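Asks: Heads up: the sequence shown begins at 0 in numbering that gives the first Met the number 0, then just goes up one per residue.
The C-beta atom is built at its ideal place from N, Cα and C for all residues, glycine as well.
A quick note: this is a predicted structure, and the numbers were derived from the prediction, not measured.
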Amino acid sequence: MLECVLIDLNVDKNTNINELIENHMPFIIKSISDVTGRYVSCENDEELSVGLLGFHEAIERYDNEKGHFMSFAKLVISSRIKNYLKGENKHQHSSFEELVDKGLEIKDEYLEQKEDNSILVEEINRLKSEISSFGFTLEDLVNEAPKQQATRKNAIMLSEEISKEEEFLSFMYLKKRLPIKRIVLKFSVTEKVIKRSKKFIISVVIIIDKNLSALKNWIRK
């Protein structure tokens, strides 16, 4: 089977699978991007891992009756990426519901309009990646999000002020925590107020600083 693939690709029969994958990385990345509609990073995109597995699967499953290998591989990669994205969307919608249950207000139109929802899901994936570097997950954020509207409003207002202070932002990204004592002095709030909403505040600061526009609209101010 591998021999058929190698002949179809017009490469040496002694080429191993890893070399085959490496030689066709641009093809794999483009196949993924055609489905996701965005640039694929080689460093940390989970979609790339899924695409690589799809390409490897195509090599294992290919025979001459399936037509040109590259066309077959593209179909397999696309199928695997679509299945992956469906799973992510399902997880995200579950997270949306949990956030609503926790009291966060969500604009329904973002869940109803496919295009906007796609942007929202992409931004939430980016937020998940950002907050993971701070040592917590979206589920942690859901569990610890302020439940009272007034508390949420105050936390968002404080986050907006923090996001305007370059010194605070630099500290937060470098140390992976809030400069609580400096915030207390600067904005005349208590440590207790910050600590009980710190994960929520960090998340909102990231949303504002990274200009995640769909998420900024998603959380009503």
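Between the beta-carbon of Tyr-38 and the beta-carbon of Ser-32, is there less than 8 Å?
Replies: yes
Asks: Specify the secondary structure class of Lys-163 as computed by DSSP and reduced to three states.
Replies: coil
Asks: Run the CB neighbour count on Leu-184, radius 10 Å, all protein chains shown included, and call it buried at 16 or more, exposed below.
Replies: By the 10 Å Cβ count, Leu-184 comes out exposed.
Asks: Helix, strand or coil for Arg-37? Go by DSSP, reduced to three states.
Replies: coil
Asks: What is the C-beta distance between Val-203 and Ile-155, in whole angstroms, given that I count them as a contact (C-beta under 8 Å)?
Replies: 6 Å
Asks: Should Ile-193 and Ile-206 be called a contact, given that it needs their Cβ atoms to be closer than 8 Å?
Replies: no
Asks: Counting only runs that start and end within the region 124-193, where is the alpha helix (DSSP H) found for 4 or more residues in a row?
Replies: 137-143, 148-162, 165-174, 179-186
Asks: Is the CB-CB distance between Glu-45 and Val-75 below 8 Å?
Replies: Contact: no.
Asks: Indicate the three-state DSSP secondary structure (helix, strand or coil) for Lys-85 in the structure shown.
Replies: helix
Asks: Let's see if you can read the secondary structure: which residues bound the alpha helix (DSSP H) around Asp-208?
Replies: Unbroken alpha helix (DSSP H) run through Asp-208: 197-208.
Asks: Cutting at 7 Å between CB atoms, please list the residues of its own chain near Val-49, excluding the five before and the five after it.
Replies: Its chain contains Arg-79, Ile-80, Tyr-83 as the residues whose beta carbon lies nearer than 7 Å to that of Val-49, once the 5 sequence neighbours on both sides are disregarded; these appear in chain order.
Asks: With 16 as the cutoff for other CB atoms within 10 Å, does Ser-196 come out buried or exposed?
Replies: buried
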